[in-house]
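Contents: one structure, followed by commentary.
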Amino acid sequence: MDARTPDRTLVGVSDLEPVKRPTREEAMEAVRTLIAWAGDDPRREGVIDTPKRVVDAYAEWFEGYAADPAKELSRTFEDVQGYDDIVMLREIEVESHCEHHMAPFLGKAYVAYMPTNRVVGISKIARVVEIFARRLQTQETMTQQIADAITDSLRPAGVAVLIDAAHQCMTTRGVHHRHVSTITTQFTGVFKTDATLRQRFLDFVNKR
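Numbering-wise (my numbering), the sequence shown opens with residue 1072 and increments by one.
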């Protein structure tokens, strides 16, 4: 099985063979190397099983590489009884990892779309957020990917996405600012052209 780097551009290379996915044992050996590099002994009782746990955790944290957002959004419903207003999910949990430091960033996503002639099950929207979150990410890229996936699959009149997250690469290292969150937004279609509709979305985001 080859590892994939979806929706990203490889820097400074062309015509390369896909990277071969390491075996589980190779991944565990890499963790042992990091433990030793940090200054500990990977044979010590307290960390001897850590490589196994880390590999198991990585399988869960990055399961989004094996999932297809388009497939999640493929089952739609046309019988909406004439409904023609915003469909919105608030406070979808975001648990992702920064691609620069592989440190977690945690927060909430707010996603809305304006349907044309079909809608999708609301759990599928949350699942799309989860799929993109469970990859190495930047928050900006993930915000765009969510909007693009909904646009491509549902062809709505517009999509709005807002993500508010705290990045542990900033709170636990580097500048050590613990009470800073990052907000990213993406608006397409009517949410981009209609300021009143865009404001309604933001009002729903801030509703308590």
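Glycine residues also receive a C-beta, built at the ideal position from the N, C-alpha and C atoms.
This structure is a prediction, so every number in the text was calculated from the model and none was measured.
Leaving aside the five residues before and after residue i along the sequence, list all residues of the same chain whose C-beta is less than 7 Å from its C-beta, in chain order.
i, result
"E1149", "N1188, R1189"
"L1268", "V1261, F1262"
"L1273", "none"
"A1228", "M1185, T1187, G1260, V1261"
"D1086", "none"
"V1151", "P1186, V1190"
What does a CB cutoff of less than 8 Å around residue i pick up in its chain, not counting 5 residues either side in sequence?
i, result
"F1133", "H1168, R1205, R1206, L1207"
"V1191", "L1144, R1146, T1147, F1148, S1224, L1225"
Using 7 Å as the threshold, is the C-beta distance between residue i and residue j below it?
i, j, result
"I1202", "G1135", "yes"
"V1200", "I1163", "yes"
"T1214", "I1234", "yes"
"A1030", "S1252", "With the chain covering only 1072 through 1279, there is no way to say anything about residue 1030."
"A1174", "C1240", "yes"
Below 8 Å on the Cβ atoms is my contact criterion, and I expect residue i with residue j to pass it. Report the Cβ-Cβ distance as a whole number of Å.
i, j, result
"I1221", "L1144", "7 Å"
"R1249", "T1242", "5 Å"
"R1279", "I1157", "The Cβ separation is near 18 Å, so there is no contact."
If I measure Cβ to Cβ from residue i and keep anything under 6 Å in the same chain, skipping five residues before and after, which residues do I get?
i, result
"P1077", "Reliability of the predicted coordinates at P1077 is poor, the pLDDT of 49 falling under 50, and the value obtained from them is presented with this limitation in mind. Same-chain partners within the cutoff: there are none."
"V1230", "Y1184, A1218, I1221, T1222, T1259"
"R1161", "Y1181"
"V1102", "P1122, V1125"
"P1113", "R1103, I1106, A1107"
"I1196", "L1160, V1182"
"I1119", "none"
"G1110", "none"
Which residue's Cα is closest to the Cα of residue i: the options?
i, options, result
"T1209", "F1176, A1228, V1151", "F1176"
"P1093", "D1086, A1266, F1275, V1126", "V1126"
"Y1129", "M1099, N1277, V1090, T1264", "M1099"
"E1166", "G1178, Q1239, C1240", "G1178"
"A1141", "R1198, V1246, V1276", "R1198"
"F1275", "V1232, T1264, V1246, R1244", "V1232"
"R1244", "H1172, T1264, N1277", "H1172"
Exercise. Mind pulling the beta strand (DSSP E) runs of 3 or more residues that sit fully within the region 1169-1204?
Worked result: 1175-1185
For this session: Within the region 1073-1141, note down every full beta strand (DSSP E) run reaching 3 residues or more, in order along the chain.
Result: none
For this session: Please list the segments of the beta strand (DSSP E) lying wholly inside the region 1221-1254, counting only runs of 3 or more residues, in order along the chain.
Result: 1229-1238
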